[in-house]
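Trainee: Counting from 273, one number per residue, gives the positions in the sequence shown under the working numbering. Quick reminder that beta carbons are idealized off the backbone N, C-alpha and C, glycines included. Next up is a structure, given as structure tokens.
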Amino acid sequence: MGAMRKVLNWYARLSPSRGKTSPPYEHVVQIGDPRLRKVSDPVPVDKIKSEEVQKVINKLRLVLHKYGSVGMSAPQIGVNMRMFVMRHTAKQISAVPPEIAKSKGMSVVPFTVFINPKIKVVDYQKVIYMEGCESVQGYSAEVPRYREVEVTGYDENGESATRVFKLWPARIAQHEMDHLDGKMFTDLMERRTLTCACWEEVNLSKGKVVIPFNPE
Ligand SMILES: [Zn+2]
273 MGAMRKVLNW YARLSPSRGK TSPPYEHVVQ IGDPRLRKVS DPVPVDKIKS EEVQKVINKL
333 RLVLHKYGSV GMSAPQIGVN MRMFVMRHTA KQISAVPPEI AKSKGMSVVP FTVFINPKIK
393 VVDYQKVIYM EGCESVQGYS AEVPRYREVE VTGYDENGES ATRVFKLWPA RIAQHEMDHL
453 DGKMFTDLME RRTLTCACWE EVNLSKGKVV IPFNPE
């Protein structure tokens with residue numbers, strides 16, 4: 273184990289708002305934050321249209337877009353409510369080599385909000401691929417996931433909605449669902465596959481590389 277280094281935080285020290293942020297955040301909290309380990313609370317259905325809940329939905333959408341992610345859950349922006357958003361755009365998929373997108377079963381998913389979701393496994397066969405998380409910035413690992421699941425919950429208007437997801441979208445849904453129960457992909461990963469996404473860059477730059485915790 274190495275010496276703990278002080279976190280460089282020049283920008284925060286310059287900012288007059290340091291220490292004054294409150295959730296829902298416009299950044300993603302990182303593993304170690306106790307809120308990522310809580311079982312989140314259900315949202316009362318009659319509160320879905322309330323200002324408080326709609327604010328969290330809007331922040332989830334904002335942070336999802338800002339980070340260019342495919343899924344984001346409320347605990348990741350510091351709110352222990354049972355809700356997550358997901359999407360996978362044609363543009364995001366086109367950034368992946370077509371043969372890989374095909375083998376992983378990637379397909380376009382429109383922006384979808386799930387509130388109080390329940391997940392049902394449709395196909396118990398598991399598929400193993402590398403997976404990452406905005407709350408474990410800079411790292412990824414192989415994670416087994418069910419091939420097909422059905423998610424039932426409420427949408428942003430308080431209407432009940434059911435969606436069936438296969439392969440990659442099923443992986444996204446299972447990953448986000450786990451966040452609502454305080455689980456992280458690191459709990460399920462094949463431990464020996466944990467990889468720092470920039471390990472090659474570390475060598476090329478002689479260690480002078482930083483992992484950004486905010487894409488802005
Ligand atoms: Zn995650």
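Heavy atom of ligand 2 less than 7 Å from the Cβ of histidine 299, yes or no?
Mentor: This structure lacks ligand 2; the ligands present are ligand 1.
Trainee: Assuming histidine 360 is part of the beta strand (DSSP E), what are its boundary residues?
Mentor: 355 to 360
Trainee: What is the C-beta distance between proline 416 and lysine 398, in whole angstroms, given that I count them as a contact (C-beta under 8 Å)?
Mentor: 4 Å
Trainee: According to DSSP, what are the bridge partners of isoleucine 387?
Mentor: Met355 and Tyr426
Trainee: For tyrosine 297, name the three-state secondary structure that DSSP assigns.
Mentor: coil
Trainee: Measuring CB to CB, does proline 389 end up less than 8 Å from valine 436?
Mentor: no
Trainee: Check whether the Cβ atoms of cysteine 470 and glycine 410 sit closer than 8 Å, and answer yes or no.
Mentor: Taking the C-beta atoms as reference points, glycine 410 is found nearer than 8 Å to cysteine 470.
Trainee: Taking the alpha-carbon positions, what's the arginine 309 to methionine 449 distance?
Mentor: Rounded to the nearest angstrom, the two C-alpha atoms are 13 Å apart.
Trainee: In the structure shown, what three-state DSSP assignment does valine 381 receive?
Mentor: strand
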